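*Asks:* The sequence shown lines up with residues 25 to 104 when you count with this note's numbering.
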Amino acid sequence: ADAIHFSVYPVRIVSGTFSTTEPVISQGDIVRIYINASAAGLNLEPQTRIQLKIVPQPGVPTIVDRWTPDVYLGRYIIIS
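1. When DSSP builds the beta bridges, which residues end up paired with V32?
2. Between the Cα of D89 and the Cα atoms of Q81, G98, Q71, P82, which residue gives the shortest distance?
3. If you drop the 5 nearest sequence neighbours on each side, which residues of the same chain put their C-beta closer than 6 Å to that of Q51?
4. Out of S104, G98, S62, P82, which one is the CA nearest neighbour of T75?
5. Can you tell me the Cα-Cα spacing of G107 and I59, whole angstroms?
If you want it as structure tokens, here you go:
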């Protein structure tokens, strides 16, 4: 991930459609999305609200609404 790109890591792909050349996920697939917040200019303090908008090719966009942890224990944080 960098200032304008994010990375996706497959956790469980049931559809068989995800690859590095065709990173398409389908219903039932689980992926990790990596975002370099500091490179993107985001200042994510503890207890910051984060909204991710996931837009499928066909269908309705999904808004994922989460909060950053109360305390950061390291350089990386996991928001699930």
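Backbone N, C-alpha and C fix where the C-beta goes; we use that ideal spot for every residue, glycine too. For clarity, every value in this text was computed on a predicted model and none was experimentally measured.
*Replies:* Quick look at the numbers:
1. Working through the sequence shown from its first residue, we reach residue 32 at position 8. Per DSSP, I57.
2. As a working mapping, residue 89 is identified with position 65 in the sequence shown. Looking at the Cα atoms, Q71 is the closest of the given residues.
3. Reading the sequence shown from its first residue, position 27 is the one you call residue 51. Excluding residues within five positions, none has a Cβ falling inside 6 Å.
4. Within the sequence shown, numbered from 1, the residue matching residue 75 stands at position 51. Correcting the residue identity first, residue 75 is Gln in this sequence and not Thr. If we check each option's Cα against that of Q75, S104 comes out closest.
5. Nothing about residue 107 can be reported from this structure: the residues present for the chain run from 25 to 104 only.
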